[in-house]
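Counting from 8, one number per residue, gives the positions in the sequence shown under the working numbering. Just so it is clear, CB atoms sit at the ideal spot from N, CA and C, and this is done for glycine as well. The structure displayed is predicted, hence computed values, not measured ones. Presented below is the structure to which this report refers.
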Amino acid sequence: MKRSCAAKPEFYEKTISLLFPRRCPLCGRPVEPGALCHEACRQKTPYLTPPFCLQCGTALADDESELCRGCVRAPKSFAMARHVYPYPAVRQGLLDMKYKDRPEYADHFAAEAVRRLGREMVSWDADALVPVPLHPARKRHRGYNQAALLAEGIGRALQLPVREKAVRRVRRTAPMKALSRTARSANLEKAFAAGDASGIRRAIVVDDIYTTGATAEAVTRVLLQAGAEKVFVVTMAAGSDAGSTDESDFL
Ligand SMILES: [Zn+2]
Ligand SMILES: [Zn+2]
């Protein structure tokens with residue numbers, strides 16, 4: 008299998024990388040031209056491993072049960088969610104990708120998603136990747152949507168189209184932290200609307216982080232209402248961390 012840390016650089020890319028060296032998304036230090044990360048860092052960064060909930064993919068304390076308590080209490084609308092890393096293992100890299108103008112980190116994370124979950128994603132027989140949209144004002148401010156960059160990397164490797172306009176973020180919602188879980192879902196529910204989702208039968212929703220799952224759930228519902236039969240979810244990392252949840256984009 009292709010090693011994600013050893014992609015061959017083109018001349019232009021090589022020149023650029025000498026002037027502005029890429030940094031390793033896992034440790035923040037510069038990498039060799041053409042590399043996406045340090046191979047040593049890659050090898051010591053743990054993937055999320057079983058036992059995890061068969062539906063939402065978050066870590067379970069033991070392998071006695073198949074579903075987490077959240078999915079037993081309120082089954083999700085998506086068929087299955089899978090995540091590459093436990094959040095603490097890649098926290099800084101994901102935060103820097105999003106808030107410190109490191110869109111190129113998406114190349115590494117997408118390559119790792121393909122390495123870790125590619126076979127499973129292919130087995131889902133999806134016909135589109137749908138990145139979780141940013142509110143247009145936030146996208147203008149940041150310059151890019153990290154979820155779309157991740158989806159593009161995955162799509163290139165698996166030859167799946169990225170349907171960035173399938174779901175739109177229609178409004179910025181109220182700050183989420185003060186809200187109860189139910190109020191959060193209701194708040195998020197109104198944040199997304201269908202865009203051009205025509206012809207999408209089986210979609211994979213792509214995002215950087217999965218915490219409560221409220222975002223993935225809201226986007227899934229929009230796709231199902233727009234005619235999709237089945238929705239899957241892939242994120243780079245599952246877990247929680249105060250102050251940087253998947254809902255922090257609403258603040
Ligand atoms: Zn490194
Ligand atoms: Zn679950």
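Is LEU43 a contact residue of ligand 2, with contact defined as CB to any heavy atom under 7 angstroms? Here residue 43 refers to the residue found at position 36 when the sequence shown is read from its first residue. No, since every heavy atom of ligand 2 falls outside the 7 angstroms radius drawn around the Cβ of LEU43.
Assuming LEU141 contacts ASP215 under a Cβ cut-off of 8 angstroms, what Cβ separation, rounded to an integer in Å, is found between them? Counted from its first residue, the sequence shown places residue 141 at position 134. Counted from its first residue, the sequence shown places residue 215 at position 208. No, LEU141 and ASP215 are not in contact; Cβ-Cβ is about 11 angstroms, not under 8 angstroms.
Using only alpha-carbon positions, find the residue among GLY234, PRO143, GLU236, VAL213 that is nearest to GLY162. Position 155 of the sequence shown holds residue 162. Ranking GLY234, PRO143, GLU236, VAL213 by Cα distance to GLY162 puts VAL213 first.
MET128 and LEU165 - do their beta-carbons sit closer together than 8 angstroms? Taking the sequence shown and counting its residues from 1, the one referred to as residue 165 is at position 158. Taking the sequence shown and counting its residues from 1, the one referred to as residue 128 is at position 121. A contact, by the Cβ cut-off of 8 angstroms.
If we count Cβ pairs, one from each stretch, closer than 8 angstroms, do we get three or more for the stretch 225-233 versus the stretch 89-107? Cβ pair count under 8 angstroms is below three, so no.
Please classify VAL174: is it buried, with 16 or more other beta-carbons within 10 angstroms of its beta-carbon, or exposed? In the sequence shown, residue 174 corresponds to position 167, counting from 1. VAL174 should be labelled buried.
Suppose the cutoff is 6 angstroms on Cβ atoms and the five residues either side in sequence are ignored; what does the same chain contact list for ARG208 look like? To locate residue 208, count along the sequence shown from 1; it is residue 201. Result list for ARG208: ASP134, GLU236, in chain order.
Quick check on the DSSP output: what are the complete alpha helix (DSSP H) runs of length 4 or more inside the stretch 63-103, in order along the chain? List check, alpha helix (DSSP H) in window: 76-80.
Flag CYS31 as yes when its Cβ comes closer than 7 angstroms to any non-hydrogen atom of ligand 1, and as no otherwise. In the sequence shown, residue 31 corresponds to position 24, counting from 1. True, at least one ligand heavy atom lies under 7 angstroms from that Cβ.
Can you tell me whether ASN70 is buried or exposed, with buried defined as 16 or more other CB within 10 angstroms of its CB? The residue given as residue 70 occupies position 63 in the sequence shown. Checking the displayed sequence, the identity of residue 70 turns out to be Asp instead of Asn. With fewer than 16 neighbouring CB atoms inside 10 Å of its own CB, ASP70 falls in the exposed class.
DSSP has PHE199 in a bridge; who is on the other side? Here residue 199 refers to the residue found at position 192 of the sequence shown. DSSP, once it has assigned bridges, lists ARG176 as partnering PHE199.
Cutoff 8 angstroms; reference SER192; Cβ partners in own chain excluding five residues on either side: As a working mapping, residue 192 is identified with position 185 in the sequence shown. Around SER192, the same chain offers ALA221, GLU224, ALA225 as residues with beta carbons nearer than 8 angstroms, after the five sequence neighbours per side are excluded.
Under a Cβ-count criterion, where at least 16 other Cβ atoms within 10 Å of its own Cβ denotes burial, should PHE27 be classed as buried or exposed? On the sequence shown, position 20 is the one that residue 27 refers to. Flag for PHE27 reads exposed.
Among LEU124, PRO143, GLY234, nearest to MET87 - alpha-carbon criterion: Within the sequence shown, the letter at position 80 stands for residue 87. The shortest C-alpha separation from MET87 is found at LEU124.
Host beta strand (DSSP E) of ARG145 (start-end): Residue mapping note: residue 145 aligns to position 138 of the sequence shown, counting from 1. Per DSSP, ARG145 belongs to no beta strand (DSSP E); it is in the alpha helix (DSSP H), 143-149.
Check PHE257 in the structure and name its three-state DSSP category. Here residue 257 corresponds to residue number 250 of the sequence shown, with the count starting at 1. Reliability of the predicted coordinates at PHE257 is poor, the pLDDT of 41 falling under 50, and no value is obtained from them.
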